[in-house]
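Numbering (the working numbering), first residue to last: 1135 to 1441. Where a beta carbon is used, it is the ideal one built from N, C-alpha and C, also for glycine. These numbers were taken from a predicted model, which means no experiment stands behind them.
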Ligand code: CP
Ligand code: NVA
């Protein structure tokens, strides 16, 4: 049966580790495997803006011997004019995988249902699992391990990044802390799924409304924009609500002395993070951005050849 990557817990802990190990190899030997030789085409569809995801998939597909076909929904029949499943039935006749950045997770689920080629979530309103593979790779490069580390995500707890940290961190056996205003807490069903995963992996899941308490002793501190794509109309309210969750040097000082700082980018400097933190010695954001390439290549190799 075709495997897809729609949310972080589509991978078991062993599979997540296998993909991270493969990413390390591919980072060392960039052009060593060519499962897309032919070249085979991979469709990469965007309903929302992107820099990193667009470039890392286009470059990664080319590195693997394939040809990326970048599609903007505005110039295609997707987006109200044709259903995701009808689109998939057409694409699967011509491409080897479908990568899609969209709004509702349900669209990705519909796209994947019954499709014969792997479907990869390149960000939805609910999850950003490709980013988490890159984040986990980055954390492991700098700390040597994942299981047992404490990671705190601050900001919009209901966002794709927060919810992917809950699932991917729990799969990896990490202690995941989410700090957000109460009205921006993660979805209860995602928290419950993450708790079940953490119980099996030896990790844990905790929700906070006090930013200082949430970062105390943390190994990794993460934040993301307070205004995710699609939420632009709520910008003023969000900026008024999230101020206490800004990651500045005072907050970083409460985490471990050598705590890492991560941000998936793009950053609203001065809002969710101050310039001294994002540009400071604890920040690993450029490694994190580069690792999108290596992690996604590993994911594609795994889905195409090993799953
Ligand atoms: N982090 C990330 O997904 O960036 P882009 O929106 O630029 O793709
Ligand atoms: N949470 C952000 C991530 C951007 C890569 C958004 O959805 O806009």
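Tell me which residue opens and which closes the alpha helix (DSSP H) that residue i is part of.
i            : result
residue 1177 : Residue 1177 -> not in any alpha helix (DSSP H); beta strand (DSSP E) instead, spanning 1175-1180.
residue 1453 : In this structure the chain extends from 1135 to 1441, so residue 1453 is not present and cannot be described.
residue 1186 : 1186-1197
residue 1221 : 1218-1225
residue 1294 : 1294-1305
residue 1288 : Not the alpha helix (DSSP H): residue 1288 falls in the beta strand (DSSP E), residues 1284-1288.
My understanding is that residue i touches residue j, with C-beta atoms under 8 angstroms, so please give their C-beta distance in whole angstroms.
i            : j            : result
residue 1383 : residue 1411 : 6 angstroms
residue 1142 : residue 1240 : About 17 angstroms; that fails the 8 angstroms criterion.
Suppose you measure from the CA of residue i to the CA of residue j; what does that come to, to the nearest Å?
i            : j            : result
residue 1288 : residue 1152 : 29 angstroms
residue 1279 : residue 1273 : 8 angstroms
residue 1161 : residue 1436 : 15 angstroms
residue 1268 : residue 1422 : 6 angstroms
residue 1345 : residue 1359 : 16 angstroms
residue 1369 : residue 1163 : 43 angstroms
residue 1229 : residue 1259 : 25 angstroms
residue 1309 : residue 1222 : 37 angstroms
Which of the three DSSP states, helix, strand or coil, is assigned to residue i?
i            : result
residue 1376 : helix
residue 1396 : strand
residue 1277 : helix
residue 1250 : coil
residue 1236 : coil
residue 1408 : coil
residue 1272 : helix
residue 1313 : strand
residue 1141 : coil
Could you pull the start and end residues of the beta strand (DSSP E) that residue i belongs to?
i            : result
residue 1202 : 1201-1206
residue 1340 : 1338-1342
residue 1381 : Neither: residue 1381 is in no beta strand (DSSP E) and is coded neither H nor E.
| said: Within 8 angstroms, do at least three Cβ pairs link the stretch 1290-1310 to the stretch 1410-1425? | reply: no
| message | If contact is defined by three or more beta carbon pairs under 8 angstroms, each pair taking one atom from either stretch, is the stretch 1341-1348 in contact with the stretch 1176-1185? | response | no
| message | Check whether the stretch 1321-1331 and the stretch 1344-1363 are in contact - that is, three or more C-beta pairs closer than 8 angstroms. | response | no
| said: Between the stretch 1210-1217 and the stretch 1185-1195, can you find at least three pairs of beta-carbon atoms closer than 8 angstroms? | reply: no
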